[in-house]
Amino acid sequence: MTLSGKRILLIIGGGIAAYKSLDLIRRLRERGASVRCVMTAAATEFVTPLSVGALTADHVFIELFDRQDEHDVGHIRLSREADIIVVTPATADLMAKLASGLANDLGSTVLLATDKKVLMAPAMNPKMWSHPATRRNHAQLENDGIVFVGPNRGEMAERGEAGAGRMAEPLEIVAAVEALLDSRPKPLAGKKIIVTSGPTHEPIDPVRYIANRSSGKQGHAIAAALAALGADVRLVSGPVTIPDPAGVKTIHVERAEEMRDAVEQLLPADAAVFVAAVADWRTADAAGQKIKKVAGKGPPSLTMVENPDILATVGHHKKRPYLVVGFAAETQEVLKNAEAKLKKKGADFIVANDVGPAGTSKGGVMGGDRNRVKIVSKAGVEEWPEMGKDEVATRLADLIADKLRTTVV
Ligand code: CTP
Numbered sequence: 060m061t062l063s064g065k066r067i068l069l070i071i072g073g074g075i076a077a078y079k080s081l082d083l084i085r086r087l088r089e090r091g092a093s094v095r096c097v098m099t100a101a102a103t104e105f106v107t108p109l110s111v112g113a114l115t116a117d118h119v120f121i122e123l124f125d126r127q128d129e130h131d132v133g134h135i136r137l138s139r140e141a142d143i144i145v146v147t148p149a150t151a152d153l154m155a156k157l158a159s160g161l162a163n164d165l166g167s168t169v170l171l172a173t174d175k176k177v178l179m180a181p182a183m184n185p186k187m188w189s190h191p192a193t194r195r196n197h198a199q200l201e202n203d204g205i206v207f208v209g210p211n212r213g214e215m216a217e218r219g220e221a222g223a224g225r226m227a228e229p230l231e232i233v234a235a236v237e238a239l240l241d242s243r244p245k246p247l248a249g250k251k252i253i254v255t256s257g258p259t260h261e262p263i264d265p266v267r268y269i270a271n272r273s274s275g276k277q278g279h280a281i282a283a284a285l286a287a288l289g290a291d292v293r294l295v296s297g298p299v300t301i302p303d304p305a306g307v308k309t310i311h312v313e314r315a316e317e318m319r320d321a322v323e324q325l326l327p328a329d330a331a332v333f334v335a336a337v338a339d340w341r342t343a344d345a346a347g348q349k350i351k352k353v354a355g356k357g358p359p360s361l362t363m364v365e366n367p368d369i370l371a372t373v374g375h376h377k378k379r380p381y382l383v384v385g386f387a388a389e390t391q392e393v394l395k396n397a398e399a400k401l402k403k404k405g406a407d408f409i410v411a412n413d414v415g416p417a418g419t420s421k422g423g424v425m426g427g428d429r430n431r432v433k434i435v436s437k438a439g440v441e442e443w444p445e446m447g448k449d450e451v452a453t454r455l456a457d458l459i460a461d462k463l464r465t466t467v468v
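Counting with the working numbering, you get residues 60 to 468 for the letters of the sequence shown.
Okay, here's the thing in structure tokens:
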């Protein structure tokens, strides 16, 4: 039971995603945590205090000025007698209140009165999420140390609406809670580490682009594993459908050049891990208008130019991080190619994986959940058995912690 004995204060906000909080309560309790709930007035429009109380097996707190509740527990005790406060869904309203220090109901008062870690799982319409006011509040709250999980991209409850704004799934929130309450040693505390992940999209015209099969699973897992060891992780991600890892500052980009710029702006750093499957080429000139089929003219030919190699740029940079780790996705001569990349790109380690010949998905490496890698460095080659991408991430994070520990950076 990973959360055995942990006390979780769950603030349920007023949004359609409130229903997922019911499942979250069960998931937290089956891992040994006790869950106490505060509901905003709006939340009670979406789920009933009766359901919440039945699932928490505890009193449900709603009113700030409830004489009995204040006498029995009080909002200060409520916020202090918890190991962590989790807000699901974190509505635009709840975020705005905390960002500006407003406390006009029990939920917002508890959030202001606490000295504990706060995890927010936002959920709102994509337009609300991308509104400059919500962007400002999000940045402010991150600065204040609030940790976010999600929102994910996808279909909204409103018909026909899609985009970033879906609340993270209960198990993703549980994982974020576990990571935040993890009291194991943090060997990477104070270390800034850049990770690239996902594919890049190189536009052909406004509706078409060149992409690859990368899902971002391995890169995101590495970012999460490094954060779990206490690192200040900056993840630069190409377009992916998986959520931003909790506790990791994520910058979203589309094209290789954008990824290079974002990474260079993040320097200096103690280490950088290049997991992204960056497109090697882009079109010389993306068309401003959709390229039309013209009868008798045949297919258009695309002129390609080489993209910047981000790993090589950083591997030979004047602000080169102490440790530079690259990946090598190969379909043949895995070791030979990895060794060549180590030298050419100025990396300390290359994590080589055999992705299999074209048209196959060898062990489903690209997009799958498992990986079999070889760690190539000047010191030689270490072969790891096939394992889950999460385990590859954990072992790699341990290796990085080990390398950074043995040096004063
Ligand atoms: N990489 C990068 N920028 C690029 C291309 C690759 O940062 N423009 C990084 C990847 O993130 C990875 C490593 O370089 O860490 C190896 O990428 P890979 O695609 O396997 O190698 P390539 O350099 O593309 O070489 P080749 O196409 O010859 O296999």
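Built from N, CA and C at the ideal position, the CB exists for glycine as well.
First through last residue of the alpha helix (DSSP H) which encompasses residue i
i    : result
E231 : P229 to L240
G374 : I369 to G374
K245 : Taken as a continuous stretch (DSSP letters only), K245 belongs to no alpha helix (DSSP H), as it is neither H nor E.
T168 : L165 to A172
L455 : K448 to R464
E104 : First-last for E104: undefined, no H or E at that position.
Span separating the alpha-carbon of residue i from that of residue j
i    : j    : result
I67  : P444 : 38 Å
L137 : C96  : 10 Å
L325 : R293 : 8 Å
D291 : A248 : 7 Å
E237 : L178 : 11 Å
A417 : T390 : Unreliable positioning characterises A417 in this predicted model, as indicated by a pLDDT of 48, which lies under 50. The coordinate reading is nonetheless provided below. Between A417 and T390, the C-alpha separation is close to 8 Å.
D117 : V94  : 8 Å
Q199 : A162 : 17 Å
R379 : G405 : 9 Å
L165 : K176 : 18 Å
T99  : I121 : 6 Å
G72  : T147 : 6 Å
L153 : S167 : 7 Å
G374 : V299 : 25 Å
Under the three-state DSSP convention, the category residue i falls into
i    : result
A417 : Note that A417 scores 48 on pLDDT, short of 50, meaning its location in the model is unreliable; the coordinates nonetheless yield the value given after this. It is coil, neither helix nor strand.
A315 : helix
A221 : strand
I84  : helix
V337 : coil
P302 : coil
V404 : Note on identity: in this sequence residue 404 is Lys, with Val being the wrong assignment. Correct three-state label for K404: helix.
Buried versus exposed, by CB contacts within 10 Å (16 or more), residue i
i    : result
L455 : buried
R243 : exposed
L83  : buried
E365 : exposed
P258 : buried
N412 : buried
S80  : buried
L230 : exposed
A336 : buried
H134 : buried
Residue i at chain B interface by Cβ criterion, 9 Å
i    : result
P359 : In the displayed structure, chain B is absent; only one protein chain is listed.
Boundaries (first-last residue) of the beta strand (DSSP E) holding residue i
i    : result
D264 : E261 to D264
K176 : K176 to P181
Check whether the region 208-226 and the region 250-269 are in contact - that is, three or more C-beta pairs closer than 8 Å.
no
For the 8 Å Cβ check, are there 3 or more pairs between the region 368-377 and the region 395-404?
yes
Between the region 272-282 and the region 345-365, can you find at least three pairs of beta-carbon atoms closer than 8 Å?
no
Taking 8 Å as the cut-off, does the region 217-236 touch the region 139-153 (at least 3 CB pairs, one atom from each stretch)?
yes
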